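Accompanying notes for the structure given below.
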Amino acid sequence: MTETGWDVIVVGAGSAGAAFAVRSAEKGKRVLLLEAGPDYRSAQMHQAWRSPNPIRALLDPTATENLVWTGLDAARTEKQAPAPYWRGRGVGGSSSINGQIAIRPPMADFDDWVSWGCVGWGPDDVLPYFAKLEDDEEYGDEAYHGRGGPTPIYRMPQENWGSVDTALCRAALSAGHAWAADVNAPHAMGVSPYPINSRSGRRVSVNDAYLEAARESSTLTIRGDALVDQVIFSGDRAIGVRVVVDGTVVTEHADEVVLSAGAVHSPAILMRSGIGPSGHLRSLGIEVRQDLPVGRGLQDHPMAVVSIPLIDEAGIQSPDDRHTNVCVRYTSEPGAPIGDMMFVSQNQNVVAMANPDMRALAGAFGVWVNQAFSRGVLTLTSADPADQPQIHSRMLSDERDLSRLRDGIRDLVELARDPAVAAITHGPLEAENRALF
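In the numbering used here, the protein residues as written are 40 to 476.
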């Protein structure tokens, strides 16, 4: 620690920030980890979020209290009204509330990163770190995997899959997709079981995997309920952060500031710090430090579903039954990015999760665009850090995304007509998918 503060300040205790803070502290650096949401021990996590199925948490209002950002909405497309945009809040970040899916990107993506100037981020550079974080139950001894790392990687055995999982697997194999036992293996393409960050049927977040074991470290300080307003600069160098704690503004200084507050709140902090589109910042009375297109590169993957009305025997039997275990990674067409598309099973449809009495919507096949070209826009609504930014995801605004999703839906419908699917349905697909037929 320097005379003026910490060696490193890390903003955000989510998947990136928590891991970085712990690794830096292990190297002897004095680290201050700031989290806007609550700091809590692993044993204090709401048990609904431990379940392999998010329906428990979705049906329990107390589960989302303090752990999900409120007032954060997004319009997914230009024609859709804003809807809640779930982002994790508190230590663990979104790893505490997401679907527990532990799929790596295709390694070829990192060749693109290098071509864009990210030297040191090629496939051979990043693979050791993917392996280091893992404790892969099945493939930990493979050269491209890891054993003994902080994050458990588990795959549900086929005999424990849901009916929709099995139906998608059989339909996709019949349609010519290959079997790929390990979706994270090099060049894996086809039907795979999902790897999930779970141990003994319970979620393991980065709070569990990284922070819990490091809490006695003399070089790591974790501070929750600390809302970072902006980064403080001396010339062109970041020297600290301005933080709101219990309504009081405090300043912390460090040799190094790492901004890892997520895809929504990192750009918001930068813009409040004067780094962003100059016209937008001036309109809010923010002094411009650097005119840059911050908030103009938001990416997310659009998804569409074909609802499957399930017979009673095919529905999930317990709210702790895993909602999805199977995916199908594929490339949309020659020349497209490798593995740019994915089919997924849903033993319980996301619509049914919001209304469990909707029996006809109990299952679904989904398709999403893994590598999207559309770019969304994130803007501030005020200079107050307590006010949530405005998000226009602008999904499908790029014709390449629209055409691939359209083709994916057509392929998905054909998969849903497979005999393996007919065996678990109680009525025609058309009745529950009128928008598609």
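Note that CB positions come from ideal geometry on N, CA and C, so glycine has one too. Values in this document were obtained by computation on a predicted structure and should not be read as measured data.
Residue burial annotation: Trp-108 is buried, with at least 16 other C-beta atoms found within 10 angstroms of its C-beta.
Bridge partners of Asp-175 according to DSSP: Ile-192. Contact annotation: Thr-116 and Leu-435 have beta-carbon atoms nearer than 9 Å. Asp-285 and Glu-181 have their alpha carbons spaced roughly 48 Å apart.
Distances from the alpha-carbon of Gly-187 to those of His-465, Leu-337, Tyr-168 put Tyr-168 closest. If you compare the alpha carbons of Phe-404, Ile-377, Arg-361, Phe-476 with that of Arg-95, the shortest gap goes to Arg-361. Non-local beta-carbon contacts of Val-288 in its own chain, meaning distances under 8 Å to residues more than five positions away in sequence, involve Asp-268, Arg-281, Val-282 in chain order.
The residue among His-292, Ser-305, Val-222, Met-380 with its C-alpha nearest the C-alpha of Asp-450 is Met-380.
Around the beta carbon of Gln-197, fewer than 16 other beta carbons sit within 10 angstroms, so the residue counts as exposed. The residue from Pro-162, Val-452, Leu-441, Ala-114 with its alpha-carbon nearest to that of Gly-405 is Val-452. Take the alpha-carbon of Val-296 and the one of Leu-73: they are about 11 Å apart.
Nearest Cα to Gly-336 within the set Ser-432, Ala-102, Gln-356: Ser-432. With 16 or more other CB atoms across the displayed protein chains lying within 10 angstroms of its CB, Trp-45 is buried. Asp-112 is bridged by DSSP to Pro-123.
The closest CA to that of Ala-248, considering only Asp-204, Phe-272, Ser-134, Ser-371, is found on Ser-134. Between Asn-92 and Tyr-233, the C-beta gap is not smaller than 9 Å, which leaves the two residues out of contact.
Per DSSP, Val-130 lies in no beta strand (DSSP E) and is assigned neither H nor E. Note that the stretch 250 to 262 does not touch the stretch 157 to 176; fewer than 3 beta-carbon pairs, one per stretch, sit closer than 8 Å. Residue state for His-216 is assigned as coil, using DSSP reduced to three classes.
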